[in-house]
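Protein chains in written order, with this note's numbering: chain A, 30 to 171; chain B, 180 to 342.
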């Protein structure tokens, strides 16, 4: 004697299964290859997207990685570490020039001038900190 | 059911015995995988496997033997697919045939794993015992008992106590 719940289940499952379309589908109209192609296309788009993303991130990061840092460029010019940079110019190619800095003793210096450091630095009260113009140099003012 | 082979005596006897079971197999597989088209593909594969093994078949309960081949194929397919993290759902389309006839039952069934659905079918619809189901699905009898118990408790809860 079947359990009443099992009996009810059996009836409902039978009705459900009778509704399943069982007729064979002609090979030409089968949807599965379409589903396969859709999946392939999705994967292709995903792969291309990932490739572009990697290329874009490389394009951004590689030049930054190959370019020396600002600190390194100052060291290359002979500016000691730990000094106060008062001003730093750059030529048309972005190369540092006329870098004026104050050392730990308070003296102001200039490096990498083109034919000399032709820069004059004054503080807000118009006091000359460094006079690099032609002619006699002013004494650097601490 | 299309003819699976032509003239050989083995194929002829196979077709005569197995062809009437095609609809039943597709229906059971659709119940397990939730997709009638996929069920037809699995049924074709099951028929091919059965034909290969036909010379070694002992002849007892051919219908149950064919269903077992198909159900195990369906369970393997769903298990393989579940390993792919980007395809979590068991079926890619909503089965309109099921939702049209008994949406409540289908939604309750849809929450079951494939082995639970298979055990339910074999027990409630085909009348196999727990030991027979365990032997067909190649799992311990206690596992089948647990599947059936949990499955029926789930269905009782989802469908209401329609005793």
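Every residue, glycine too, gets a C-beta built ideally from N, C-alpha and C. The model shown is predicted, which means the values in this text are computed figures rather than measured ones.
For residue i, name the three-state secondary structure that DSSP assigns.
i                      : result
residue 31 of chain A  : coil
residue 333 of chain B : helix
residue 120 of chain A : coil
residue 291 of chain B : coil
residue 146 of chain B : The structure shown does not extend to residue 146 of chain B, since chain B is modelled only from 180 through 342, so no value can be given for it.
residue 191 of chain B : helix
residue 156 of chain A : coil
residue 96 of chain A  : coil
residue 47 of chain A  : helix
residue 132 of chain A : coil
residue 127 of chain A : strand
Beta-carbon separation of residue i and residue j under 8 Å?
i                      : j                      : result
residue 209 of chain B : residue 198 of chain B : no
residue 46 of chain A  : residue 281 of chain B : no
residue 49 of chain A  : residue 296 of chain B : no
residue 159 of chain A : residue 128 of chain A : no
residue 190 of chain B : residue 204 of chain B : no
residue 133 of chain A : residue 108 of chain A : no
residue 194 of chain B : residue 221 of chain B : no
Please check the pair residue i and residue j, which I expect to be a contact at CB under 8 Å, by giving their CB distance rounded to whole angstroms.
i                      : j                      : result
residue 327 of chain B : residue 309 of chain B : 7 Å
residue 200 of chain B : residue 242 of chain B : 5 Å
residue 291 of chain B : residue 330 of chain B : 6 Å
residue 287 of chain B : residue 337 of chain B : 4 Å
Are the C-beta atoms of residue i and some chain A residue less than 8 Å apart?
i                      : result
residue 198 of chain B : no
residue 279 of chain B : yes
residue 342 of chain B : Note that residue 342 of chain B scores 43 on pLDDT, short of 50, meaning its location in the model is unreliable and no value can be drawn from it.
residue 326 of chain B : no
residue 193 of chain B : no
residue 244 of chain B : no
residue 332 of chain B : no
residue 289 of chain B : no
residue 304 of chain B : yes
residue 209 of chain B : yes
residue 228 of chain B : no
residue 205 of chain B : yes
residue 252 of chain B : no
Counting only beta-carbon separations shorter than 8 Å, does residue i have a partner in chain B?
i                     : result
residue 41 of chain A : yes
residue 69 of chain A : no
residue 51 of chain A : yes
residue 48 of chain A : yes
residue 45 of chain A : yes
residue 38 of chain A : yes
Problem set entry | Touching by the beta-carbon criterion (3+ pairs, under 8 Å), the region 236-252 of chain B and the region 310-322 of chain B | yes
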